[in-house]
Amino acid sequence: MDIFLQQIINGLTLGSVYAIVALGYTMVYGIVQLINFAHGEVVMIGAMVALWVISSLAGGAMPPVVIVLAGILCAIPVCMAVGYTMERVAYRPLRSAPRLAPLITAIGISIILQHVAMLVWSRNPLPFPQILANPIFEIAGATISAVQIAIIVLSLLMMGGLTLLVYRTKLGVAMRATSENPQVAGLMGIDINRVISMTFIIGAGLGAMAGVMVGTYYGQAHYTMGALLGLKAFCAAVLGGIGNLAGAMLGGMLLGVVEALGTGYIGEITDLCHVSGISTALAERCAEDGHMVVFGSNYQDVFAFIVLILVLVFRPSGLLGERVSDRA
Amino acid sequence: MSLLSVRGLKVAYGGIEAVRGIDLDVEAGELVALIGANGAGKTTTLKALAGMLRPAAGTVRYADSDITGVASHRLIRQGVALVPEGRGVFARLTVQENLQMGAYIRDDRPAIAQDLDKVFGLFPRLHERRAQVAGTLSGGEQQMLAIGRAMMSRPKLLLLDEPSMGLAPLMVQKIFEVVHSIAAQGVTILLVEQNALLALEAASRGYVMESGAITLSDSAPALLASPQVRQAYLGE
Ligand SMILES: Nc1ncnc2c1ncn2[C@@H]1O[C@H](COP(=O)(O)OP(=O)(O)O)[C@@H](O)[C@H]1O
Ligand SMILES: [Mg+2]
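Next up, the structure:
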């Protein structure tokens, strides 16, 4: 088996999900300079709603594809409503407050949503119903599943669609104008409250899709699943340059690949048996077990944060960010 | 009946009153100048008229309705457009997208396309650079874009805040030619300027503002002749 190619495939799959979630962070940041830490919970709610709908319908007369579509079509509006409501109720009243206030509020909303989800959907991980056939294909010594293909293709379609929306439609131009100068956007007749709401709604809709995809991929959903996923996607947005759409897409993909390659090779790289000559005790252990790994693949989650730290040190504005913008 | 009629307008930043109860009228079709030193409160007045700032007191009537405190994104639909101080072009949008945003409130596509051609006819430089982002334009080109963008909304009342600021003399002349041609189309204009001579030559009437209050108001020729204005604003 080709580990390198396999980890690239796995990385692109996960990276697609990170990219879609990162877009939600970056769109909101671009327009209101707020890091919406509750965005990960929107993703979790998307997964939970889809799981609930799919489990309820599974085993009935409907074909599996229709059931999954029904799950998605329920998750999206629920997440959109959550995204709209959190902006309307929690962030809008704080729009001219010092920026620490909405940031702390975002963390608070994230905690509230997690606990509401725990009350509604239980504190245990729930199995995500695998009702679609998931054939595995072999390419050049690696494997790719139908679910992986679907995740990558759907994500690319969503990224393309969002790019068209932002660069080719009147709403998109209005969003970019508002992000640059809300007061002058108002002079043009743009209702900036509406544009900000739309931004949260679109970001949350993408988040819902990400939730369904990641739930299907891992085969489970849990009320805390949004926290780490959200944090990693936030790292991806910063890596690409927060506020920059192409940056979020690139950052997400890169982060997924770095994480997968890191996880795939960390055991081999930190295997002390490569240097078993330095001590006789080590040589004995290696002769016995063959390996003495310092960091195993359970260190998977550190890579995102290593990347975040490196970016903050060497390129604080991110790969595609022009400047570190600050709220005036 | 005036198109714009302002009575007792007060505007404050926090506790500090920047505009302290002014009266001002602009008749339909007029070009009126509002002049005054830096910090007099001219920009604050225009922002309040355009709905960017909420007045602390007073009333603003426009076309027979009370528009006091109405937000800018609604006022533009009634025909009140502001070209803000410092131009306020969207630097990361292209020239064409900036002009499209000027027509945001409209959806009569053929007429918008016609108006776009008109703006490009008035400012051929903008046509050459229509696909460039506005941040790459020179100051004069940005001012042309800001004025063109405001015209895309087909305003009835155009509020201009220091269109000549920071521009080379040749460009200032060009901008004033454009202001004249807009006025000739029948658009009512309230022009704020520090360049009092140019503003009063263009206008039929003028107001002089000092520390938040209007201290003089008269026909433009009378103001140009007044010793007070000549001494304070024309450097004599
Ligand atoms: N955003 C603001 N916050 C506080 N004070 C302001 C603000 N903008 C203007 N001012 C003050 O209001 C007064 C009038 O300013 P402005 O309307 O910009 O004058 P002008 O346009 O005539 O130069 C000045 O004293 C200025 O310092
Ligand atoms: Mg000013």
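Protein sequence lines, in the order shown, are assigned to chains Y and E.
Per this note's numbering, the first sequence runs over residues 1 to 328.
Per this note's numbering, the second sequence runs over residues 1001 to 1236.
In this text, a Cβ means the ideal position worked out from N, Cα and C, and glycines have one as well.
Please read all numbers here as calculations on a predicted model, not as lab measurements.
query, result
"Let me check you understand the geometry: is the CB of ILE1016/E closer than 7 Å to at least one non-hydrogen atom of ligand 1?", "yes"
"From the DSSP output, which residues share a beta bridge with ILE136/Y?", "SER145/Y"
"So what does DSSP say about LEU1093/E, is it helix, strand or coil?", "coil"
"In angstroms with no decimal places, state the Cα-to-Cα distance between ALA236/Y and SER1217/E.", "60 Å"
"Under the criterion of a Cβ to heavy atom distance below 7 Å, does LYS1047/E qualify as lining ligand 2?", "no"
"8 Å is my cut-off, CB to CB: does SER1065/E come that close to chain Y?", "no"
"If you measure from the CB of THR1044/E, is any heavy atom of ligand 1 nearer than 7 Å?", "yes"
"How is the beta strand (DSSP E) around LYS1010/E delimited, first residue to last?", "1004-1013"
"Closer than 7 Å: is that where the CB of TYR1207/E sits relative to any heavy atom of ligand 1?", "no"
"What's the C-alpha gap between ASP289/Y and LEU272/Y?", "12 Å"
"Once DSSP output is grouped into helix, strand and coil, what is the label at GLN220/Y?", "strand"
"List the endpoints of the continuous beta strand (DSSP E) containing ILE1189/E.", "1188-1193"
"Just how far apart, CA to CA, sit ALA1091/E and LEU57/Y?", "51 Å"
"For ARG1129/E, collect the residues of the same chain with a Cβ closer than 6 Å to its Cβ; drop the 5 residues on either side in sequence, then sort them by chain order.", "VAL1095"
"Is it true that the CB of LEU1167/E sits closer than 8 Å to the CB of GLY1206/E?", "no"
"Could you please give the first and the last residue of the uninterrupted beta strand (DSSP E) stretch that includes TYR18/Y?", "Note, TYR18/Y: premise wrong, no beta strand (DSSP E); alpha helix (DSSP H) at 3-32."
"Taking the straight line between their C-alpha atoms, what separation do you get for VAL78/Y and VAL1019/E?", "48 Å"
"Check each residue of the segment 175-196 of chain Y: if its Cβ is closer than 8 Å to any Cβ of chain E, include it; give the result in chain order.", "ARG176, ALA177, GLU180, ASN181, GLN183, VAL184, ALA185, GLY186, LEU187, MET188, GLY189, ILE190, ASP191 and ILE192"
"So, does the segment 234-251 of chain Y touch the segment 301-321 of chain Y, judging by three or more C-beta pairs under 8 Å?", "yes"
"Please say whether GLY46/Y and GLY211/Y have beta carbons closer to each other than 8 Å?", "yes"
"Can you give the Cα-Cα distance for ILE1214/E and ALA227/Y, rounded to whole angstroms?", "58 Å"
"Measure the alpha-carbon distance for VAL1133/E versus ASP1107/E and round it to whole angstroms.", "24 Å"
"Rounded to the nearest angstrom, what separates GLN183/Y and VAL68/Y at their Cα positions?", "43 Å"
"Could one say the Cβ of VAL313/Y lies closer than 8 Å to chain E's Cβ atoms, at least one of them?", "no"
"Consult DSSP for VAL1070/E and reduce its assignment to one of helix, strand or coil.", "coil"
"With which residues is ASP1117/E paired in a DSSP beta bridge?", "In DSSP, ASP1117/E forms no bridge with anything."
"Closer than 7 Å, Cβ to Cβ, to anything on chain Y: give me those residues from the segment 1094-1111 of chain E, in chain order.", "GLU1097, GLN1100, MET1101, GLY1102, TYR1104 and ILE1105"
"From the DSSP secondary-structure annotation, give me the bridge partner or partners of TYR1062/E.", "LEU1004/E and SER1065/E"
"Along chain C, which residues have their Cβ under 7 Å away from the Cβ of VAL173/Y?", "The structure shown contains no chain C; its protein chains are Y and E."
"Leaving aside the five residues before and after GLY247/Y along the sequence, list all residues of the same chain whose C-beta is less than 8 Å from its C-beta, in chain order.", "THR26, ALA237, LEU239, GLY240, GLY241, GLY318, LEU319, LEU320 and GLY321"
"Determine, for ILE1182/E, whether the minimum Cβ-Cβ distance to residues of chain Y falls below 8 Å.", "no"
"For the beta strand (DSSP E) containing GLY1021/E, name the first residue and the last one.", "1016-1026"
"Is any heavy atom of ligand 1 found at a distance shorter than 7 Å from the C-beta of ALA1040/E?", "yes"
"With distance defined between alpha-carbon atoms, name the residue in GLU1162/E, ASP1117/E and GLY1058/E nearest to VAL1011/E.", "GLY1058/E"
"Nearest to TYR1013/E by alpha carbon, out of LEU1053/E, LEU1049/E and LYS1042/E?", "LEU1053/E"
"Please return the same chain residues whose Cβ sits closer than 6 Å to the Cβ of VAL324/Y, not counting the five positions on each side in sequence.", "Model confidence at VAL324/Y stands at a pLDDT of 48, short of 50, so the residue's coordinates are unreliable; what they give is reported in the following sentence. Closer than 6 Å at the Cβ level, and outside the excluded window around VAL324/Y, lie PRO316 and SER317."
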